[in-house]
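Below is one structure, written out as structure tokens; the observations come after it.
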Amino acid sequence: MSNKTNAGTWIGFVLILVWCLLPVVWIISLSFKGPGETGAGSPQFLPSEPTLQNYRDILGIGKVTPGQEATAGDFIDALRNSFFISLIATFLAVIFATLAAYAIARLEFKGKRLVLTMALAIAMFPVVSLVGPLFDMWRTIGLFNTWPGLIIPYMTFTLPLAIWTLSAFFREIPWEMEQAAQVDGATSWQAFRKVIVPLAAPGVFTAAILTFFFAWNEFVLAISLTSTTGSRTVPAQLSFFVGPDPFNPPYGTLAAASVVVTVPIIVIVLLFQRKIVAGLTSGAVKG
Amino acid sequence: MTATQAPPREDSARGGTAVDSDRSKAENRLGQRLVAPAVVLMLLVTAYPMLQALYLSLFRYRLTAPDDREFIWFSNYATVLTDSLFWQDTWNTVLIMVVTVAVELVIGFAFAMVMHRVVFARGVIRTSILIPYGIITVVSAFAWQFAFSLNNGFVNSWVPFVEDNFNWFGDHWPAMFAIMVSEIWKTTPFMALLLLAGLSQVSEDMLEAAKVDGATWWQRLWKVILPNMRAAIMVAVLFRALDAYRIFDNIFVMTKGAQDTESVSFLTYRQSIEQVQLGLGSALSVLLFLSVLLLAFGIVKLFRVDLAQARGEG
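Note that the protein sequences, when read in sequence, are chains G and H. Sequential numbering of the first sequence, starting at 1, is according to the UniProt record's numbering. Sequential numbering of the second sequence, starting at 1, is according to the UniProt record's numbering.
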């Protein structure tokens with residue numbers, strides 16, 4: 001590589017970092033601005049008088065700003081809902097997807113193409129077009145505003161991605177080992193459980209991360225199929241949060257809440273970036 | 001994934017075998033059993049409600065007046081298709097889709113080129129590019145809404161030729177611009193990563209050969225790199241376009257549809273959930289579904305790539 005390319009790459013490298021991280025730094029900076037500063041209008045980037053008050057308000061620690069007493073309770077409820085709904089949906093979706101992906105990668109059976117086509121169609125499905133009918137159905141069968149009411153559609157919409165990711169991973173596994181186990185007298189099922197599952201674990205884990213991201217991020221269903229903080233997730237709660245003054249959005253509080261819900265994402269990304277990239281691109285580009 | 005141009009797998013050779021022996025019968029049964037839970041779930045949550053929507057769309061049915069429910073054939077569709085708001089929203093959605101995907105393709109490709117060449121700090125760049133991907137869309141919309149905010153944003157003071165008191169959300173085009181920026185920021189990483197995967201499959205030997213033959217950087221880009229990445233570009237465009245067509249979160253947070261920035265998804269949501277017009281909302285759902293189907297079909301035809309083949313599925 002010539003020096004010229006290196007310089008270009010360097011500039012590109014810096015530009016990418018700025019582009020990706022600027023809004024994140026911005027929201028963090030905003031979360032440390034007090035109501036005095038945001039209320040009066042403060043177009044400067046960094047806070048002039050950094051304060052932790054927004055975090056106190058949102059987490060209910062220490063002295064809370066008058067008029068914001070209910071904020072922390074609602075937010076913590078939403079965090080709890082988001083966390084468990086995402087986790088349960090991820091867990092179940094990955095189990096279903098693992099079974100399906102194993103069959104797709106390994107076995108010959110009728111209807112395989114149909115399953116793949118269906119998964120593809122659902123990955124492209126406009127979620128909003130299901131909102132009306134699901135709203136109607138969930139009310140009738142009593143799933144409206146419950147955890148399962150969100151978990152079931154989340155599982156459905158993450159299955160295609162999980163199935164693809166997993167079948168791409170499963171194709172890379174040395175299957176001779178499974179045959180060896182079968183030669184030794186294991187059934188197809190035993191070979192699957194004892195030999196392949198341990199080998200497939202990294203792929204399964206990656207699919208789980210992507211599924212969790214989807215559920216953690218989902219918004220349309222979250223605002224349509226819930227009505228109280230009993231099951232409303234974080235994105236929905238954030239969008240409905242107006243604060244004490246309806247004419248002045250609570251910038252600082254919203255920013256602090258945004259930072260709190262972004263922390264898990266950043267931790268997961270830092271720990272598993274390599275796996276996430278592999279998962280996002282596996283199966284997507286071949287040939 | 002070392003081969004640069006892996007030949008598409010022959011499906012008929014493997015898939016067409018007759019199910020004759022006990023062994024393959026058992027395999028067939030096991031395969032179907034393993035996919036059954038996923039298939040049943042997907043059908044129950046998508047196909048069944050979609051049929052329900054198709055049925056409901058033929059009724060005048062508002063939840064606040066359930067006794068008024070009446071079969072009215074295709075009147076709902078006529079109402080929607082003759083309403084200028086529907087066409088305004090469709091135009092907005094198409095515009096957002098075309099502009100964001102085009103811009104993302106360019107920026108994403110530039111990102112992919114840089115990431116492909118960078119030999120240092122790969123972890124840092126991977127991490128920072130994954131943060132917009134992983135961040136909640138609502139949070140990204142808030143970040144950009146506040147950045148463009150008249151009172152508290154930094155955009156007005158940083159960007160040249162913009163008055164300090166310019167209200168980005170006070171007019172149609174600036175508001176659309178702000179929405180598109182937030183959408184582009186959030187989804188470029190996905191595009192970049194897919195393109196990077198495509199880029200890493202372009203043979204270095206071929207590039208070297210082109211260089212030796214005296215091809216300029218520009219010629220190498222258009223004659224060697226891009227043609228060899230066609231499958232990757234196709235998959236990235238298809239997925240991003242369909243995703244952009246569903247745009248909802250950013251608009252809901254940033255403008256609530258004010259200044260005519262509403263998208264089709266937003267209109268459908270408003271009719272179904274806020275107005276509880278289940279009949280009319282269902283008609284919108286069906287139309288949205290059909291337009292996505294049409295769009296997917298159009299893109300696949302346009303690029304003339306078999307999607308199953310592009311994804312390496314047998």
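All C-beta atoms in this analysis are idealised placements derived from N, C-alpha and C, irrespective of residue type, glycine included. All values derive from a computational prediction rather than experimental measurement.
Per DSSP, the unbroken alpha helix (DSSP H) holding H:P174 starts and ends at 172-199.
With fewer than 16 other Cβ atoms inside 10 Å of its own Cβ, H:D164 counts as exposed. In this model, G:P23 and H:V300 are separated by some 34 Å (Cα to Cα).
Per DSSP, H:E70 lies in no alpha helix (DSSP H); the unbroken beta strand (DSSP E) holding it starts and ends at 65-71.
Here H:E262 has D89 as same chain residues with Cβ atoms under 6 Å from its own Cβ, once five neighbours each way along the sequence are excluded. Close to chain G, meaning a Cβ-Cβ distance shorter than 7 Å, are the following residues of the region 254-274 of chain H: S265, T268, Y269, S272, I273.
In this structure, G:T281 and G:N145 do not form a Cβ contact; the two beta carbons are roughly 37 Å apart against a cut-off of 8 Å.
For G:A97, the neighbours in chain H by C-beta distance under 7 Å run, in chain order, A38. Classified as exposed, H:D171 has fewer than 16 neighbouring CB atoms from the shown chains inside 10 Å of its CB. Here H:F59 is bridged, per DSSP, to H:F71. Distance from the CA of H:R29 to the CA of G:I122, rounded to the nearest whole angstrom, comes to 24 Å. Excluding its 5 nearest sequence neighbours in each direction, G:R56 has C-beta neighbours in its own chain below 7 Å: G62, K63, V64, listed in chain order. The secondary-structure analysis by DSSP pairs H:Q277 across a beta bridge with H:R62.
For H:V253, same chain residues with a beta-carbon under 7 Å away, outside a window of 5 residues either side, are V138, A141, F142, Q145 in chain order. Residue environment for H:D249: buried (at least 16 other C-beta atoms within 10 angstroms of its C-beta).
Looking only at G:W19, G:A208, G:I268, the smallest Cα-Cα distance to G:V94 is reached by G:A208.
DSSP places G:L166 in the uninterrupted alpha helix (DSSP H) bounded by 147-171. A direct Cα-Cα distance of roughly 7 Å separates H:Y61 from H:D68. Across the region 133-151 of chain H, CB contacts with chain G closer than 9 Å involve Y133, G134, I135, I136, T137, V138, V139, S140, A141, F142, A143, W144, Q145, F146, A147, S149, L150, N151, in sequence order along the chain. The C-beta of H:I125 comes closer than 9 Å to at least one C-beta of chain G.
Separation of the CB atoms of G:V234 and G:L79 is rounded to 6 Å, and the pair is thereby assigned contact status at 8 Å. The three-state secondary structure of G:I61, taken from DSSP, is coil.
Beyond the five residues adjoining it in sequence on each side, H:Y133 comes within less than 7 Å, by CB distance, of P189, F190 in the same chain, given in chain order. Between H:Q201 and H:M229, the C-beta gap is smaller than 9 Å, which places the two residues in contact.
Scanning H:A283, H:A296, H:L295 for the CA closest to the CA of G:V131 turns up H:A283. Around the beta carbon of H:A78, fewer than 16 other beta carbons sit within 10 angstroms, so the residue counts as exposed. According to the DSSP assignment, G:R80 belongs to the alpha helix (DSSP H) that extends over 69-106.
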